[in-house]
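Residue numbers (our numbering), protein chains in the order written: chain V, 1 to 376; chain H, 1001 to 1257.
For each residue, glycine too, the CB sits at the ideal point set by N, CA and C.
In what follows, a structure is listed as structure tokens, so that the remarks can point back to it.
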Amino acid sequence: MQCGLCTSSCPLGDAMEYPPRRIIAEAWNNSLERVIHSPSVWMCVGCYTCSLRCPREIDLTDTVWPAVRDYALQEGIQPPPELRTAFQNLYLYGNVFGYSPRKRLDWARNLEVTVRDLSKSPEPVEVLWLVGCYPSYHPRNQVVARDMARILTALGVRWGILGKEERALGDCDRLFGEEGLFEMLVENNRRLFERFKFEKIVLFDPHAYRALEKFYPRFGASFPAEHYTTFLASRLDQIRPWLKKPINARVTYHDNCCVGRRCLCFDPPRQLLQAIPGVELVEMKRNREHALCCGGGGGGMWLDAFITEHGGRRLSDVRIQHALETGADILAVSCPFELSRFEDAVKVARAEDRLKVRDIIELLADSMGLGEGGGR
Amino acid sequence: MNILAVVRLVPDLVEPLVVTAEEDNLNWDQTAFTLNESDDHAVEEAILLKEKYGGHVSVVAFDFGDIDQVLYMLAAKGVDRVIKISWSHDEPPNSLEVARTLSRLVPKLNVDLVVIGCQSHTEFLGMAGPQLAVALNWPYVGVVRGVQEGGTAGRWTAFKEYPGAVLAQMEVSLPAVLGILTASQPPRYVPVSRIRAAAQSVRFETADTPAEIEEPPVKIQRVYLPPAVTHAEMLTGSEAEVAQRLVDILLARGVLK
């Protein structure tokens, strides 16, 4: 294969000493030793563009990059310090922040709806909601978690969470070659999930959803799972009567890489947005399977400084320009990484007065009269 | 060179510390533990010395808390021998207990150099290293951030940090005890697959249970959270109200006139 479509499609390929095609060539030549000493090995942000466009359907993102990184780690190459810290935190505490697992439920403090903490009182539920690390701990994302709790309750869904027992599902660590860490998380989570009775798992995090859908079954851990966008879109008839408060705004939607390009799920998020009265949905010039990555996937979330140093740009800064070009008032997202990434990018662009970043959950909750109005 | 690294668990500060109802100690049942940071550096420095000059690295730890996972990780990093000292008490050993126990063990191990973290957040004075050196009648250099061969008359060179960013180069004859502040490079990351492999293959050696704990010469009278004597004032209200309140404060303090 010499077409090079992977390299020309890669949003950071031009900045890599060893872009995807060259890595394949080095592997052919049995000279990967050179690659693993290059910063390039840590620069893939797991956007899946190369995998989707490869005419031979080589899944570079899920196979080639993790394999090269695994080789690097096994050879004793040290990952960049911030990634190392994220790995260690996942290993020790089950979350990338290094926070106490006992604080996983802090987001729900003083919440007016009932939160079923299955770790304290196991009972059968319809939905096991995996809140995820960012919505559990990150203040901006905690708003989204509370809005989600209110929406699920309003819809009459019998839902529960794992409280202090919840741990990251992994995925970014797998993409970054830490297969052992991923396996450990899979084994722990499988034992944890098997203790409870539920009909399906609903997740906020597209990366975790992707891991649960595709990679957990390889370890004998098969659980029915949905990303929240498809789960809520399937209940749109039930949601519609609640959507009474108009949100009079031009809204553009950023397709996250895992739900979008990787799982080819483009319509449910848009259906949710278009159901909100007053919303005018406009598209960015790169949308759906061609959407530009925010740069946070595959561990890129913890490598901003490294990738900016070696790549010369933050992809979220580039992407926010696409959103501004549409004239939208709101950039809607459906991934916990993206709220903080794009809110930072809006500040870099000095466009705080023109563009707000909101999770789809927040917009739905506002229209349903349940929201906290985050992101102001 | 045969190096022995001492590792200890300390309360993990990601969890809030809980004091007993009697206010006589931390509530150990509600305390999570983690590897003492400067002990982690001591092990790294030991492995770096082995990689540079050859030899063996042994690690010794008290069998307390979840020490096994820590020892597997250190074995995966390159430690050759792991020794666990039995310990059946609710709380981790204090510095005197560490020193007294190791002073009986070290002479049996044919060790040239003992490295230990120069302090921990449970022991700011960093007494374990000096107490051990005194008990062994070996020289001690503390607050070390690098070691290398090449002193005069077969001695080794330790780089010691003083306050005010002053660095001293000290010669020390072996055997010796070194209190490590930081290793010459950050402790290495080792993939979890290696740790899991170590958990399958590493065999711990065990050391004798130390003699009955001697009554420490200094006893804790009371452990408590310091009472708040002052607090920050959070300014609330609209932007105009907050701005006016700020102006009032600055005027009252004489910053604005």
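Exercise. For His1121(H), which three-state DSSP category applies?
Worked result: Counting from one through the second sequence, the residue named residue 1121(H) turns up at place 121. His1121(H) falls in the coil class under three-state DSSP.
Exercise. Ser1193(H) touches chain V at which residues, Cβ-Cβ below 7 angstroms?
Worked result: Locating residue 1193(H) in the second sequence gives position 193, where the first residue counts as 1. The contacting residues are Glu179, Gly180.
Exercise. Cα-Cα, which of Leu83(V), Glu338(V), Lys356(V) is closest to Ala249(V)?
Worked result: Numbered from its first residue, the first sequence carries residue 249(V) at position 249. Taking Ala249(V) as reference, the option from Leu83(V), Glu338(V), Lys356(V) with the minimal CA-CA separation is Lys356(V).
Exercise. Does DSSP put Ala1168(H) in a helix, in a strand, or in coil?
Worked result: To locate residue 1168(H), count along the second sequence from 1; it is residue 168. Of the three classes helix, strand and coil, the one that applies to Ala1168(H) here is strand, per DSSP.
Exercise. Looking only at DSSP bridge pairs, what is Gln1148(H) linked to?
Worked result: Here the question's residue 1148(H) lines up with position 148 in the second sequence. Answer is Thr1157(H).
Exercise. At a Cβ cut of 7 angstroms, what residues of the stretch 101-121 of chain V count as close to chain H, listed as they run along the chain?
Worked result: Arg102
Problem set entry | Interface partners of Met368(V) on chain H, CB under 9 angstroms | By 1-based counting over the first sequence, the position of residue 368(V) is 368. Under the 9 angstroms cutoff, chain H gives no residues; its nearest Cβ is about 28 angstroms from Met368(V).
Problem set entry | Those runs of the alpha helix (DSSP H) which lie wholly inside the stretch 1049-1114 of chain H and span at least 4 residues | 1067-1077, 1095-1105
For this session: Quick one: which residues of the stretch 1014-1034 of chain H get their C-beta closer than 9 angstroms to a C-beta of chain V? List them in chain order.
Result: Residues passing the 9 angstroms Cβ filter: Val1014, Glu1015, Pro1016, Ala1032, Thr1034.
For this session: Tell me whether Phe266(V) sits in a helix, a strand or coil according to DSSP, three-state version.
Result: Taking the first sequence and counting its residues from 1, one reaches residue 266(V) at position 266. Residue state, collapsed to three classes: coil.
For this session: Give the secondary structure of Trp1330(H) by DSSP, where H, G and I count as helix, E and B as strand, and everything else as coil.
Result: A query on residue 1330(H) cannot be resolved here, the shown segment of chain H reaching from 1001 to 1257 and no further.
Exercise. The beta strand (DSSP E) spanning His290(V) covers which residue range?
Worked result: Sequence index remark: in the first sequence, residue 290(V) carries index 290 (1-based). No beta strand (DSSP E) holds His290(V); DSSP gives it neither H nor E.
For this session: Identify which residue in Thr153(V), Ser334(V), Val68(V) has its Cα closest to the Cα of Asn30(V).
Result: For the purposes of this step, residue 30(V) is taken as the residue at position 30 of the first sequence. Here the closest residue by C-alpha is Val68(V).
For this session: Determine, using beta carbons only, whether Leu1096(H) and Val1114(H) come nearer to each other than 9 angstroms.
Result: Your numbering for residue 1096(H) matches position 96 in the second sequence. Your numbering for residue 1114(H) matches position 114 in the second sequence. Contact flag unset, no.
Problem set entry | DSSP-derived helix/strand/coil call for Ala1005(H) | Residue mapping note: residue 1005(H) aligns to position 5 of the second sequence, counting from 1. If DSSP states are grouped into helix, strand and coil, Ala1005(H) belongs with the strands.
For this session: Take the Cβ of Asn1110(H) as the centre, count every other Cβ of all protein chains shown within 10 Å, and call the residue buried at 16 or more, exposed below.
Result: Here residue 1110(H) corresponds to residue number 110 of the second sequence, with the count starting at 1. Label assigned to Asn1110(H): exposed.
Exercise. Grouping DSSP H, G and I as helix and E and B as strand, with all else coil, what is Asp59(V)?
Worked result: Looking up residue 59(V) in the first sequence gives position 59. The answer is coil: DSSP assigns Asp59(V) none of H, G, I, E or B.
Problem set entry | Pro1011(H), DSSP secondary structure in three states | Here residue 1011(H) refers to the residue found at position 11 of the second sequence. Taken through DSSP and simplified to helix, strand or coil, Pro1011(H) comes out as strand.
For this session: Can you tell me which of Ala1046(H), Arg1100(H), Val1255(H), Arg1155(H) puts its alpha carbon nearest to the alpha carbon of Ala1005(H)?
Result: By 1-based counting over the second sequence, the position of residue 1005(H) is 5. Answer by Cα proximity: Ala1046(H).
Exercise. DSSP state of Ala1198(H), grouped into three classes?
Worked result: Position 198 of the second sequence, counted from the first residue, corresponds to residue 1198(H). It is helical.
Problem set entry | Positions along the stretch 79-98 of chain V whose CB lies within less than 8 angstroms of some CB in chain H | Pro79, Pro81, Arg84, Phe87, Gln88, Tyr91, Leu92, Tyr93, Gly98
Exercise. Is there contact between the stretch 299-312 of chain V and the stretch 1013-1022 of chain H, where contact requires at least three CB pairs shorter than 8 angstroms?
Worked result: Not touching, per the Cβ criterion.
Exercise. In chain order, which alpha helix (DSSP H) runs of at least 4 residues are fully inside the stretch 110-136 of chain V?
Worked result: none
Exercise. Relative to the C-alpha of Ser1193(H), which residue among Lys200(V), Glu194(V), Gly177(V), Arg195(V) is closest?
Worked result: Stepping through the second sequence from its first residue, residue 1193(H) is reached at position 193. A check of alpha carbon separations from Ser1193(H) across Lys200(V), Glu194(V), Gly177(V), Arg195(V) identifies Gly177(V) as the nearest.
Exercise. In terms of residues, what are the limits of the alpha helix (DSSP H) holding Asp70(V)?
Worked result: Taking the first residue of the first sequence as position 1, residue 70(V) is located at position 70. First-last of the alpha helix (DSSP H) with Asp70(V): 65-74.
Problem set entry | Residues that Ala1207(H) bridges to, as DSSP identifies them | Residue numbering aside, residue 1207(H) sits at position 207 when the second sequence is read from its first letter. Per DSSP, Ile1085(H).
Exercise. Would you say Leu315(V) and Leu281(V) are within 9 angstroms of each other, going by their C-beta atoms?
Worked result: Counted from its first residue, the first sequence places residue 315(V) at position 315. Counted from its first residue, the first sequence places residue 281(V) at position 281. Contact flag unset, no.
For this session: Say whether chain V places a C-beta atom closer than 9 angstroms to the C-beta of Tyr1189(H).
Result: Position 189 of the second sequence holds residue 1189(H). With 9 angstroms as the cut-off, Tyr1189(H) counts as an interface residue toward chain V.
Problem set entry | Own chain partners of Ser51(V) with C-beta closer than 6 angstroms, once the 5 adjacent residues on each side are dropped | Your numbering for residue 51(V) matches position 51 in the first sequence. Once the five neighbours on either side are set aside, the close Cβ partners of Ser51(V) are Asp59, Leu60, Thr61.
Problem set entry | For Glu199(V), the three-state DSSP class (helix, strand or coil) | Numbered from 1 along the first sequence, position 199 holds the residue referred to as residue 199(V). In this structure, Glu199(V) counts as strand in the three-state DSSP scheme.
Problem set entry | Cross-chain neighbours of Arg1273(H) in chain V, by beta carbon under 9 angstroms | The requested residue 1273(H) is not part of the displayed model; chain H covers only 1001 to 1257.
Exercise. Near Tyr18(V), what residues of its chain come up, given a Cβ to Cβ distance below 7 angstroms and the 5 sequence neighbours on each side ignored?
Worked result: Position 18 of the first sequence, counted from the start, is the residue given in the question as residue 18(V). Contacts found: Glu26, Val35, Ser38, Ser40.
Exercise. Whose CA, out of Val1202(H), Gly1142(H), Ala1252(H), lies closest to the CA of Arg1081(H)?
Worked result: For this step, residue 1081(H) is matched to residue 81 along the second sequence. Nearest C-alpha to Arg1081(H): Val1202(H).
Problem set entry | Cβ shell of Gln274(V) (< 7 angstroms), same chain only, five flanking positions each side left out | Position 274 of the first sequence, counting from 1, holds the residue named residue 274(V). Around Gln274(V): Leu281.
Problem set entry | Under 9 angstroms (Cβ pairs) to chain H, residues found in the stretch 56-82 of chain V | Asp70, Leu73, Gln74, Gly76, Gln78, Pro79, Pro81
For this session: Provide the residue(s) that pair with Leu273(V) in DSSP beta bridges, ordered along the chain.
Result: Walking along the first sequence from the start, residue 273(V) turns up at place 273. Answer by DSSP bridge pairing: none, since Leu273(V) is not bridged.
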